[in-house]
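One structure below.
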Amino acid sequence: MPRLDKVGAFRESVGEDVSEYDQSNNSDSSPDNQQVIEDNGKSTQSTIDFSPYLREPKYTLEDVILPKTTREQVSSILAELEHQDLIYQKWGMGEKHKLDRALSINFSGAPGTGKTITAEALAHALKLQIVDVPYQLLESKFVGETPKNIAKAFEFATDENAVLFFDEADSFLGKRLESVTQSTDTAVNLTRSVMLKQFSEYKGIVVFATNLVRNYDSAFISRIRWKIQFDLPDEEARVKIWQVQIPTKLPLCESVSFADLAKQFDAISGRDIKNAVFQAVVSAAKEDRSNEDKKVTQSHFAEAIAGIIEANKASEKTELTFKPVEGDVQLPNPPAPNDSTNSEPSE
12 MPRLDKVGAF RESVGEDVSE YDQSNNSDSS PDNQQVIEDN GKSTQSTIDF SPYLREPKYT
72 LEDVILPKTT REQVSSILAE LEHQDLIYQK WGMGEKHKLD RALSINFSGA PGTGKTITAE
132 ALAHALKLQI VDVPYQLLES KFVGETPKNI AKAFEFATDE NAVLFFDEAD SFLGKRLESV
192 TQSTDTAVNL TRSVMLKQFS EYKGIVVFAT NLVRNYDSAF ISRIRWKIQF DLPDEEARVK
252 IWQVQIPTKL PLCESVSFAD LAKQFDAISG RDIKNAVFQA VVSAAKEDRS NEDKKVTQSH
312 FAEAIAGIIE ANKASEKTEL TFKPVEGDVQ LPNPPAPNDS TNSEPSE
């Protein structure tokens, strides 16, 4: 069954000549499809193969449990594509906004709040594959290689008609350095400038995800159309997340109440709940009784999530930091000597 070209339809709706794009892609003589060689013999294109990172989405929107506000924002993204002909053609938005052609999305929020699975669910809803590009794949120890890798990622997503997904996007959407003192600083700024250029010229669907949106360069923030904050789940969402983690075969004690767990334990992420369920199941499985008599109890769940909360608190404790200071620093006076330490030992 042919894949529905949502990206192509989106490009066409904002005024791009898709037929011209297809012809250029199918032409073997196109310079975009040939490896250009510099005079010094080094390739000007990335040699990374992104094929292993192209896949069918693993999750659907039914798998994603989000607070009401976040879910409504995700629905608005889908609405832009569903009503693109009305928005860009009949209502003329494509005539007024000719440069911002990418459907750009940023998911920001604490770890474990559903950013990655929502990106996959979005691709599934659009009947598209997703290219999940890890930062470590793009980064190179050789100066000038990382920008080439970034350009190749955008090119690959375009050729494959796929949703382009960058996790930990703050790593390459961060603020450009104002004080450049060494070659590595120049490389950082070059990488971010290339990302900005590629992003500005892109005509497909790109999703960024980050835990540190405050580190973004303002030039990126202003160009992203949909900025969605992923907060920790509210009580209603927590109940659903607890429930969705439980297989039908799992033996539960009658006393288990996910509503009580959701009420008792707040300020936790969906990932925390998932980990708590695994730990609770392991605790029940290792009890010294026959398998037929083993059940997961309310206490198993409560103890597991309480332990995870304590571990999270420990990891968030503020560490001492040392900062350089300018000028003279007044040191405290040394303690007065103790008379007893200077006296002769008594016989």
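Counted from 1, the sequence shown has number 357 at position 346 by our numbering; the numbering is strictly sequential. Here a beta-carbon is modelled for each residue, glycine too, at the ideal position from N, C-alpha and C. Small disclaimer: the values here were computed from a predicted structure and weren't measured.
(message) Which residue marks the beginning of the alpha helix (DSSP H) containing F312, and which one marks its end?
(response) Q309 to S326
(message) Please classify R236 as buried or exposed, where buried requires at least 16 other C-beta atoms within 10 Å of its C-beta.
(response) exposed
(message) Count Cβ pairs between the stretch 269-276 and the stretch 112-120 that sit closer than 8 angstroms; are there 3 or more?
(response) no
(request) Please report the residue range of the beta strand (DSSP E) in which L114 lies. (result) L114 to G120
(request) Would you mind stating whether F118 and V218 have Cβ atoms separated by less than 9 angstroms? (result) yes
(request) Check whether the Cβ atoms of I320 and I279 lie closer than 9 angstroms to each other. (result) yes
(request) Can you say whether D181 is buried or exposed, counting buried as having 16 or more other CB atoms within 10 angstroms of its CB? (result) buried
(request) With DSSP as the reference, label I239 as helix, strand or coil. (result) strand
(message) By the three-class DSSP mapping on this structure, what secondary structure does R234 have?
(response) helix
(request) Indicate the three-state DSSP secondary structure (helix, strand or coil) for A132 in the structure shown. (result) helix
(request) Specify, as a first and last residue, the run of the alpha helix (DSSP H) that T124 falls within. (result) Run containing T124: none; DSSP gives neither H nor E here.
(message) Using C-beta distances below 6 angstroms, list every residue in its chain close to N222, excluding the 5 sequence neighbours before and after it, in chain order.
(response) P122
(message) Using only CA atoms, which one of D304, S233 and H311 lies nearest to S268?
(response) H311
(request) Go ahead and pull the three-state DSSP assignment for F219. (result) strand
(message) Rounded to whole angstroms, what is the Cα-Cα separation between G318 and S211?
(response) 45 angstroms
(message) Quick check on P345: does DSSP put it in helix, strand or coil?
(response) coil
(request) Look at the alpha carbon of L175 and the alpha carbon of T81, and state the distance between them as a whole number of angstroms. (result) 21 angstroms
(request) Measure the CB-CB distance between V142 and A168 and report whether it falls below 9 angstroms. (result) yes
(request) Can you check DSSP and say which residues form a bridge with G185? (result) Y227
(request) Grab the span of the alpha helix (DSSP H) containing I161 for me, first residue to last. (result) E156 to E171
(request) Name the residue from V199, Q240 and F289 whose alpha carbon lies nearest to the alpha carbon of F314. (result) As written in the sequence, residue 314 is Glu, which differs from the Phe given in the question. If we check each option's Cα against that of E314, F289 comes out closest.
(request) Measure the beta-carbon distance from A220 to K126 and round it to whole angstroms, keeping in mind my assumption that it falls under 8 angstroms. (result) 4 angstroms
(message) Using only the alpha-carbon positions, how far apart do V205 and P158 sit?
(response) 6 angstroms
(request) Please list, in chain order, all residues of the same chain as L342 whose beta carbon is under 7 angstroms from its beta carbon, the five residues on each side excluded. (result) none
(message) Does the stretch 134-151 come into contact with the stretch 96-105, if we say contact requires no fewer than three beta-carbon pairs (one atom in each stretch) closer than 8 angstroms?
(response) no
(request) Counting only runs of 4+ residues fully inside the stretch 256-292, write out the alpha helix (DSSP H) ranges in chain order. (result) 269-275
(request) Output yes or no for whether 9 angstroms exceeds the beta carbon distance between N226 and G281. (result) no
(request) Under 7 angstroms Cβ to Cβ from D228, same chain only, skipping five residues before and after it: list those, please. (result) L184, G185, K186, R187 and R203
(request) List the residues that DSSP assigns as beta-bridge partners of I76. (result) Paired residue(s): none; I76 is not in a bridge.
(message) Assuming L175 is part of the beta strand (DSSP E), what are its boundary residues?
(response) V174 to F177
(message) Which of the three DSSP states is assigned to D43 in this structure?
(response) Confidence at D43 is low in this model, with a pLDDT of 43, below 50, so the placement of that residue is unreliable and no value is reported for it.
(request) Thinking K305 and A295 are a contact (beta carbons under 8 angstroms), I'd like their distance in whole angstroms, please. (result) 6 angstroms
(message) Between K297, L263 and I252, which has its C-alpha nearest N286's C-alpha?
(response) I252
(message) Here's a check: name, in chain order, each residue in its chain whose Cβ is nearer than 8 angstroms to the Cβ of S87, leaving out the five neighbours to either side.
(response) W237
(message) Going by DSSP in three states, D96 sits in which element: helix, strand or coil?
(response) helix
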